[in-house]
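Undergrad: Below you will find the structure I want to go over with you.
In the working numbering, the protein residues as written are 19 to 672.
Here it is in structure tokens:
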């Protein structure tokens with residue numbers, strides 16, 4: 019009955035079924051009760067008349083049994099040892115249907131000649147009607163059946179009410195999902211040309227008159243705010259959890275959404291400009307609770323607005339990395355704070371410039387901000403100059419990008435780049451990005467496609483012409499049932515493909531990407547994707563000279579080891595994952611090459627010790643595990659040497 023109302027016929031069947039079950043219940047109870055009573059009565063009669071039967075006192079026996087037949091039983095039989103009838107006593111003469119199992123039941127007792135029960139005389143058999151007071155029973159059942167009609171009607175009403183509510187909820191969910199899809203599509207359609215517009219404007223921004231720059235900047239921001247607001251207001255709420263759940267998040271997306279919200283909140287202040295500087299924020303992840311971080315930054319922006327004269331000025335939220343830390347800076351060009359006050363700010367209850375301001379708080383916001391940042395393993399600092407402005411610097415530990423994220427695109431000589439997207443703006447954004455490197459010099463060709471059919475033609479006609487291909491696919495293709503992931507799976511593109519989508523936060527899409535070995539680039543940061551030209555031929559020529567190999571998924575650590583190796587004058591080959599090692603293994607010395615492997619190489623790769631075992635089986639002998647874990651964890655692999663994360667050539671400066 020899921021999703022359907024209870025009809026009149028269903029109610030009728032429910033009424034019939036209920037009352038049939040009620041009748042069967044009554045009959046069962048009556049039958050069982052009758053049997054218990056008759057069993058007790060027959061046993062009493064048997065004990066009373068046993069001696070009369072043995073002694074042949076037929077007159078006394080007949081008188082007693084006739085009386086009991088009239089009162090309690092339909093018939094009583096006395097049988098000999100061959101089960102032949104000797105005598106019988108009945109209420110109405112011959113008993114019609116005496117052998118009918120459903121109408122009558124029998125209870126029999128053996129009668130013996132002696133007290134030791136050794137010589138059988140015969141049996142006394144009691145026959146009684148299984149169902150007694152049948153008319154009374156049916157009368158009661160009929161009355162209950164009539165009384166059940168309102169009950170069935172009420173049950174039907176309750177079921178229909180619940181079904182209606184469920185149908186209404188399902189309808190609301192469908193409408194909400196439809197609106198969400200539409201909002202996402204509209205946001206997607208706005209973001210794509212906006213990204214291209216932003217890149218174009220930045221190239222010619224300095225050549226424009228100031229008045230035009232201000233107009234363009236404000237209008238682009240308005241369009242961006244509309245797109246962000248459409249997307250964020252139609253997001254499904256995540257699960258509610260106790261406490262402050264933290265997880266790895268792309269900070270640029272979080273800050274972009276917050277700045278949009280604050281612009282909308284303060285849109286009545288025409289001379290207040292709130293900007294986000296995210297140009298150097300590609301791939302910056304941190305373990306945070308997004309709600310908490312947004313609350314902290316929102317309070318800091320509020321404080322910055324209050325520091326501006328008549329809410330007129332500029333507030334900028336900047337995001338970039340410095341070594342292994344991430345810096346989030348909220349900067350304003352307001353009144354500034356005296357040095358003696360700056361030293362105390364962040365302490366509970368300490369504030370500045372809030373006296374007499376009804377919209378201001380009590381200073382608890384900055385104290386809570388410091389506490390929140392410190393709980394995340396970071397710190398909060400305040401820099402201010404009176405008359406110039408204030409900077410609030412949030413420093414957070416940098417988190418490694420998740421396994422699904424593309425940290426950089428590797429461009430190889432002679433390769434093809436296939437871009438599949440239904441939005442011309444994204445194609446233009448990619449073109450602008452690739453213009454920053456000389457693709458013609460390395461014979462790289464870009465192919466722009468917009469439909470699954472055009473992809474199918476390319477695969478048939480040109481796929482075989484290129485040894486190396488990068489496929490950059492949109493997830494949603496307008497007007498087509500197949501998604502970018504469907505096409506990646508259909509053509510078995512695997513790790514050659516990258517999904518470029520605004521839906522990167524959806525868990526089901528991430529899970530499918532993981533299954534297909536596909537990584538993701540969030541669409542809003544396409545214009546900032548790092549590009550690296552890989553010179554495969556030059557690398558392979560020098561492979562034999564590498565005495566050290568370092569397999570580590572963290573780009574920062576790889577660069578650190580490379581820097582130390584260069585200082586020490588040794589040749590080090592750094593690789594991001596075990597798969598990259600395969601193309602070099604035949605050129606490396608199995609006896610002399612030292613191989614250092616990180617234990618945690620990402621969710622899609624085996625543990626470092628598992629990689630080490632495979633390399634050992636291939637003949638490599640100098641294998642080390644570069645990890646912070648205790649060596650005791652790897653006692654079961656006696657030949658595996660466990661070392662720390664520091665490079666072998668790093669000097670101790672202490």
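Glycine included, C-beta positions come from ideal geometry on N, C-alpha and C. Keep in mind the model is a prediction, meaning the values are calculated, not measured.
Report yes or no: do three or more beta-carbon pairs, one from the region 151-158 and one from the region 43-50, lie closer than 8 Å?
TA: yes
Undergrad: Identify whether residue 105 lies in helix, strand or coil by the three-state DSSP scheme.
TA: Here the question's residue 105 lines up with position 87 in the chain shown. Looking at residue 105 - three-state DSSP - the assignment turns out to be strand.
Undergrad: By alpha-carbon positions, which one of 536, 297 and 585 ends up nearest to residue 273?
TA: As a first step, residue 273 is located in the chain shown; it is residue number 255 there, counting from the start. The shortest C-alpha separation from residue 273 is found at 297.
Undergrad: Roughly how many angstroms lie between the CA atoms of residue 326 and residue 337, to the nearest whole one?
TA: Locating residue 326 in the chain shown gives position 308, where the first residue counts as 1. Locating residue 337 in the chain shown gives position 319, where the first residue counts as 1. Cα-Cα distance, rounded: 22 Å.
Undergrad: Assuming residue 265 is part of the beta strand (DSSP E), what are its boundary residues?
TA: Taking the chain shown and counting its residues from 1, the one referred to as residue 265 is at position 247. Counting along the chain, the beta strand (DSSP E) containing residue 265 begins and ends at 265-268.
Undergrad: DSSP on residue 611, reduced to helix/strand/coil?
TA: Numbered from its first residue, the chain shown carries residue 611 at position 593. If DSSP states are grouped into helix, strand and coil, residue 611 belongs with coil.
Undergrad: Where in the region 497-533 do unbroken runs of the beta strand (DSSP E), each at least 3 residues long, occur, reported from the N-terminal end onward?
TA: Within the region 497-533, the complete beta strand (DSSP E) runs of at least 3 residues fall at 515-519.
Undergrad: Between which two residues does the beta strand (DSSP E) containing residue 129 stretch?
TA: Within the chain shown, numbered from 1, the residue matching residue 129 stands at position 111. Counting along the chain, the unbroken beta strand (DSSP E) around residue 129 starts and ends at 122-130.
Undergrad: On the premise that residue 107 lies in contact with residue 83, defined as a C-beta separation below 8 Å, what is that separation, rounded to the nearest angstrom?
TA: Along the chain shown, one-based indexing puts residue 83 at 65. Along the chain shown, one-based indexing puts residue 107 at 89. About 4 Å separates the two Cβ atoms, so the contact holds.
Undergrad: Please give the ranges of any alpha helix (DSSP H) in the region 562-597, keeping only runs that are unbroken, at least 4 residues long and fully inside the region.
TA: Qualifying alpha helix (DSSP H) stretches, in chain order: 573-586.
Undergrad: According to DSSP, is residue 176 helix, strand or coil?
TA: Against the chain shown, residue 176 aligns to sequence position 158. Correct three-state label for residue 176: helix.
Undergrad: Report the three-state DSSP secondary structure of residue 659 (helix, strand or coil).
TA: On the chain shown, position 641 is the one that residue 659 refers to. Note: residue 659 maps to strand in three-state DSSP.
Undergrad: Using only the alpha-carbon positions, how far apart do residue 348 and residue 408 sit?
TA: For the purposes of this step, residue 348 is taken as the residue at position 330 of the chain shown. For the purposes of this step, residue 408 is taken as the residue at position 390 of the chain shown. Looking at the two C-alpha atoms, the distance is approximately 8 Å.
Undergrad: Count the other CB atoms, across all protein chains shown, that sit within 10 Å of the CB of residue 665; report buried if there are 16 or more and exposed otherwise.
TA: Here residue 665 refers to the residue found at position 647 when the chain shown is read from its first residue. Label assigned to residue 665: buried.
Undergrad: Look up residue 309 in the DSSP assignment and say whether it is helix, strand or coil.
TA: For the purposes of this step, residue 309 is identified with residue 291 of the chain shown, where counting begins at 1. Note: residue 309 maps to helix in three-state DSSP.
Undergrad: Just to confirm my understanding: we take residue 342, look at its own chain, exclude 5 residues before and 5 after, and list those with CB closer than 8 Å. What are they?
TA: Your numbering for residue 342 matches position 324 in the chain shown. Taken in chain order, the residues that qualify are 415, 416 and 574.
Undergrad: Spatial neighbours of residue 495 within its chain, please: CB distance less than 6 Å, with the 5 preceding and 5 following residues excluded, ordered by chain position.
TA: For the purposes of this step, residue 495 is taken as residue 477 along the chain shown, with counting starting at 1. So the qualifying residues of the chain are 440.
Undergrad: With DSSP run on the structure shown, which of helix, strand or coil describes residue 413?
TA: In the chain shown, counting from the first residue as 1, residue 413 sits at position 395. If DSSP states are grouped into helix, strand and coil, residue 413 belongs with the strands.
Undergrad: Do residue 432 and residue 393 have their C-beta atoms closer together than 8 Å?
TA: Within the chain shown, residue 432 is the residue found at index 414, counting from 1. Within the chain shown, residue 393 is the residue found at index 375, counting from 1. No. Outside cutoff.
Undergrad: Spell out a yes or no on whether the region 512-519 and the region 487-504 are touching, meaning 3 or more CB-CB pairs, one atom from each, closer than 8 Å.
TA: yes
Undergrad: For residue 540, count neighbouring C-beta atoms within 10 Å of its own C-beta (all shown protein chains included) and say buried if the count is 16 or more, exposed if not.
TA: Looking up residue 540 in the chain shown gives position 522. A residue is called buried once 16 or more other Cβ atoms fall within 10 Å of its Cβ, and residue 540 is buried on that count.
Undergrad: According to DSSP, is residue 649 helix, strand or coil?
TA: Within the chain shown, numbered from 1, the residue matching residue 649 stands at position 631. Residue 649: helix per DSSP, three-state reduction.
Undergrad: Could you check where the alpha helix (DSSP H) with residue 294 kicks off and where it finishes?
TA: Here residue 294 refers to the residue found at position 276 of the chain shown. Element bounds for residue 294: not the alpha helix (DSSP H) but the beta strand (DSSP E), 290-295.
Undergrad: Should residue 329 and residue 268 be called a contact, given that it needs their Cβ atoms to be closer than 8 Å?
TA: Translated into the one-based positions of the chain shown, residue 329 becomes position 311. Translated into the one-based positions of the chain shown, residue 268 becomes position 250. Result no, Cβ atoms of residue 329 and residue 268 do not sit closer than 8 Å.
Undergrad: From 512, 280, 37 and 428, pick the residue whose C-alpha is nearest to that of residue 161; which is it?
TA: Residue numbering aside, residue 161 sits at position 143 when the chain shown is read from its first letter. For residue 161, the nearest C-alpha among the options comes from 37.
Undergrad: Let me know if residue 222 comes out buried or exposed under the rule of 16 or more other beta-carbons within 10 Å of its beta-carbon.
TA: Residue 222 sits at position 204 when you count from the first residue of the chain shown. Exposed is the call here.
Undergrad: Should the region 643-651 be called in touch with the region 602-619, which here means at least 3 C-beta pairs below 8 Å?
TA: yes
Undergrad: Report all residues from its chain with a CB closer than 6 Å to the CB of residue 86; omit the five preceding and five following residues, and keep chain order.
TA: One-based indexing of the chain shown puts residue 86 at position 68. Around residue 86: 63.
Undergrad: Short check: CB of residue 667 to CB of residue 582, under 8 Å?
TA: The residue given as residue 667 occupies position 649 in the chain shown. The residue given as residue 582 occupies position 564 in the chain shown. Yes, the Cβ-Cβ distance between residue 667 and residue 582 is below 8 Å.
Undergrad: Buried or exposed: residue 568, going by 16 or more other Cβ atoms within 10 Å of its Cβ?
TA: Indexing the chain shown from 1 puts residue 568 at position 550. Answer is buried; the Cβ neighbour count reaches 16.
Undergrad: Cβ atoms of residue 60 and residue 125: under 8 Å apart, would you say?
TA: In the chain shown, the residue the question calls residue 125 occupies position 107. In the chain shown, the residue the question calls residue 60 occupies position 42. For residue 125 and residue 60, yes; Cβs fall inside 8 Å.
Undergrad: Short check: CB of residue 572 to CB of residue 457, under 8 Å?
TA: Taking the chain shown and counting its residues from 1, the one referred to as residue 572 is at position 554. Taking the chain shown and counting its residues from 1, the one referred to as residue 457 is at position 439. The answer is no: Cβ separation not under 8 Å.
Undergrad: Can you tell me the Cβ-Cβ gap for residue 319 and residue 280, rounded? I've got them flagged as a contact below 8 Å.
TA: Numbered from its first residue, the chain shown carries residue 319 at position 301. Numbered from its first residue, the chain shown carries residue 280 at position 262. Correct: roughly 5 Å between the Cβ atoms.
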